[in-house]
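Chains as they are written, first to last, in this note's numbering: chain E, 372 to 699; chain G, 372 to 699.
For each residue, glycine too, the CB sits at the ideal point set by N, CA and C.
Below: the structure, in structure tokens.
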């Protein structure tokens with residue numbers, strides 16, 4: 372069922388997404404012979420383009436000004452790409468979407484500058500909408516993303532984190548851009564203010580669901596499916612929702628609690644991490660976390676109800692399902 | 372004489388610059404306990420605030436809308452700071468303005484994210500002007516800066532560079548922000564289009580002079596004055612104007628040519644670099660390069676003539692002198 376809906380939303384939006392794609396590739400062109408093809412590969416590898424899709428759909432129920440929407444959507448996708456480039460350097464990740472990351476090929480200095488270049492191009496696209504509110508959302512979203520990433524970095528190796536801290540982090544690093552994309556789309560579409568607010572909430576909730584699923588997949592899947600090693604977050608000392616849920620139910624088992632503590636603290640590595648990943652999988656924490664993600668997706672769908680156009684509303688609901696269903 | 376003029380321009384603009392300062396500090400505040408004081412130190416260490424000064428002065432001869440000018444000026448200064456943070460990471464520089472750089476204190480990942488955070492804050496300030504043209508200039512300036520830095524990186528260790536390639540690089544990495552600052556100030560001030568264009572050229576020429584002087588100082592001064600080791604550019608394989616001028620007159624001396632080649636290629640280091648720096652100093656290339664910088668400063672002054680207000684025009688001339696006279 373979900374598979375069918377998924378095919379529907381991409382089929383319905385294919386032509387418009389292709390325009391976004393062309394705009395992204397055009398903006399990512401760079402006059403440095405050695406790296407231009409690397410950057411193009413990176414941009415083309417893409418993902419499902421969920422963020423541009425949300426932006427387009429948020430405008431679709433109103434005045435569908437496709438030129439401005441495509442420009443903003445390309446800006447959002449490039450902002451996301453730039454952020455991934457820096458994030459992979461920060462994490463020293465070797466793989467992204469199953470391919471070697473730029474920082475396995477280029478010096479870290481070159482990767483920093485390429486990320487900055489992509490940020491600049493995304494800002495140029497945001498500015499090209501000529502809409503001061505869109506630009507303001509774009510800039511504050513970038514700040515939210517950095518805040519989320521900095522909170523993640525400076526809260527690494529700490530087990531004593533609250534659910535609120537976790538939510539702030541994943542809102543910043545992921546949901547803020549989904550929220551901003553939906554808000555920009557609604558604003559460009561000229562939606563009434565109440566609709567802009569509901570669509571922003573739609574984006575935020577889809578983003579929260581998406582990131583929680585991401586955190587579950589990090590523990591559930593092997594390298595094949597995700598292009599990253601399983602338990603990667605734990606190896607970096609990043610405590611995510613499934614780990615928090617697992618931790619909360621450990622009070623009776625000092626041995627398991629010690630293993631969790633030592634892995635998160637970064638004191639042990641290798642097969643011990645695999646053992647912890649196995650224990651979390653068996654505990655039911657992944658299913659509990661998926662239920663939280665499903666709640667967010669349901670909330671997103673209720674926000675989508677404000678859209679009067681039925682086909683657009685149905686596509687928004689598909690997106691919420693898609694955030695839950697990917698790679699599972 | 373230059374000293375007196377210098378004091379004049381800072382005295383005349385002190386109150387307005389203090390407002391920029393306060394705005395910069397407010398925007399740089401960050402909710403990460405371990406780094407907030409580091410970021411504040413970095414921002415406070417500042418330099419002469421030439422870029423905000425140029426922005427304010429470019430608006431001063433027209434409708435001096437101080438609120439918007441201060442906002443944009445703070446954005447320009449933070450963009451510059453963010454770019455320095457990433458640049459020091461790229462160069463692995465240990466000192467900046469005589470102080471340890473962030474990347475000697477924090478992990479390179481943290482420094483990347485802090486730079487991104489400062490970029491985001493600068494973009495928020497640009498957006499807060501509410502002026503789409505200002506935002507567009509801001510975004511394209513960031514792209515120019517990245518282009519200049521990437522060209523520098525990917526042309527390192529090459530002696531066969533043209534003067535045009537050098538000029539493109541220093542325009543991008545330095546002069547573009549001076550040009551953009553002047554253009555934004557003139558636009559916010561509501562200057563006529565012909566004045567906007569002249570003031571942009573003023574900023575660009577001041578920036579070119581400033582960077583050429585920087586390139587000369589890198590070869591002329593010791594670590595004390597500049598907070599960096601002398602000959603730092605050569606150690607990184609970066610060929611600047613003085614080195615190009617020196618190279619052009621070397622045809623008769625194969626031994627000196629070999630030394631230059633080997634240092635630029637990164638094949639030898641240490642005392643050989645000091646020997647090359649000494650040879651460049653003795654050759655007169657620094658004086659020739661300073662003459663080129665002086666030409667740019669003169670051209671800047673001629674662009675400033677379009678400003679009708681005499682006191683503003685005089686302050687702009689002071690800025691052009693200041694770009695030449697600093698640290699000398």
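The continuous alpha helix (DSSP H) containing residue 585 of chain G extends over residues 564-591.
With contacts defined as CB atoms closer than 8 Å, residue 569 of chain G and residue 677 of chain G qualify as a contacting pair. Going by beta carbons, residue 592 of chain E and residue 571 of chain E fall outside the 8 Å limit.
If you look at residue 696 of chain E, you'll find it in the alpha helix (DSSP H) that goes 681-696. Distances from the CA of residue 407 of chain G to each of G:385, G:452, G:485 and G:428 were compared; the closest alpha carbon is that of G:485. Looking at G:470, G:672 and G:437, the one whose alpha-carbon comes closest to that of residue 412 of chain G is G:470. Residues of chain G whose Cβ lies closer than 7 Å to the Cβ of residue 501 of chain E are, in chain order, 503.
Between residue 661 of chain E and residue 537 of chain E, the alpha-carbon positions lie close to 15 Å from each other.
Proximity of residue 629 of chain G to chain E, defined by a Cβ-Cβ separation below 8 Å, is not satisfied. For residue 530 of chain G, there is no enclosing alpha helix (DSSP H), as DSSP gives it neither H nor E. The Cβ atoms of residue 587 of chain E and residue 613 of chain E lie closer than 8 Å to each other. Counted as a single uninterrupted DSSP element, the stretch harbouring residue 478 of chain E is not any alpha helix (DSSP H), since DSSP gives it neither H nor E. Interface flag for residue 407 of chain E against chain G is unset, since no Cβ pair is found closer than 8 Å. Contact check for residue 521 of chain G against residue 488 of chain E passes: the beta carbons are separated by less than 8 Å.
Within the region 469-495 of chain E, the residues whose Cβ lies closer than 7 Å to any Cβ of chain G are, in chain order, 479, 480, 481, 483, 484, 487, 488, 490, 491, 492, 494 and 495. By the Cβ neighbour-count rule, residue 653 of chain E is exposed, with fewer than 16 other Cβ atoms within 10 Å of its own.
Within the region 510-534 of chain E, the residues whose Cβ lies closer than 9 Å to any Cβ of chain G are, in chain order, 510, 511, 512, 513, 514, 515, 516, 517, 518, 520, 521, 522, 524 and 525. When the beta-carbon positions are compared, residue 607 of chain E and residue 541 of chain E stay at least 8 Å from each other. Contacts with chain G at 8 Å (Cβ-Cβ) include residue 461 of chain E. When C-beta atoms of the region 544-560 of chain G are compared with those of the region 428-442 of chain G, three or more pairs fall below 8 Å, so the two segments count as touching. Shown here, residue 600 of chain E sits in coil according to DSSP, grouped into three states, outside any helix or strand. Here the alpha carbon of residue 511 of chain E sits roughly 14 Å from the alpha carbon of residue 500 of chain G.
Approximately 4 Å separates the beta-carbon atoms of residue 573 of chain G and residue 674 of chain G; this is inside 8 Å, confirming the contact.
Closer than 7 Å at the C-beta level to chain G, one finds no residue of the region 374-398 of chain E. From the listed residues G:644, G:656, G:464 and G:491, the smallest Cα separation to residue 621 of chain G is found for G:656. Between the C-alpha atoms of residue 453 of chain G and residue 623 of chain E there is a straight-line separation of about 49 Å. Its chain contains 394, 398, 442, 443, 445, 446 and 449 as the residues whose beta carbon lies nearer than 8 Å to that of residue 496 of chain G, once the 5 sequence neighbours on both sides are disregarded; these appear in chain order. Each of G:477, G:401, G:580 and G:480 was checked against the Cα of residue 492 of chain G, and the nearest Cα belongs to G:401. Using a Cβ distance threshold of 8 Å, residue 691 of chain E and residue 668 of chain E count as a contacting pair.
In the DSSP assignment, residue 438 of chain E falls within the unbroken alpha helix (DSSP H) covering 437-462.
Just so you know, the alpha carbons of residue 479 of chain E and residue 694 of chain G end up roughly 32 Å apart.
Boundaries of the alpha helix (DSSP H) around residue 672 of chain E: 656-675. The beta-carbon of residue 587 of chain G is placed no less than 8 Å from the nearest beta-carbon of chain E.
One finds 518, 521, 522, 524 and 525 in chain E with Cβ atoms closer than 9 Å to the Cβ of residue 403 of chain G, taken in chain order. Taken through DSSP and simplified to helix, strand or coil, residue 419 of chain E comes out as coil. Secondary structure at residue 489 of chain G: helix, using DSSP grouped into helix, strand and coil.
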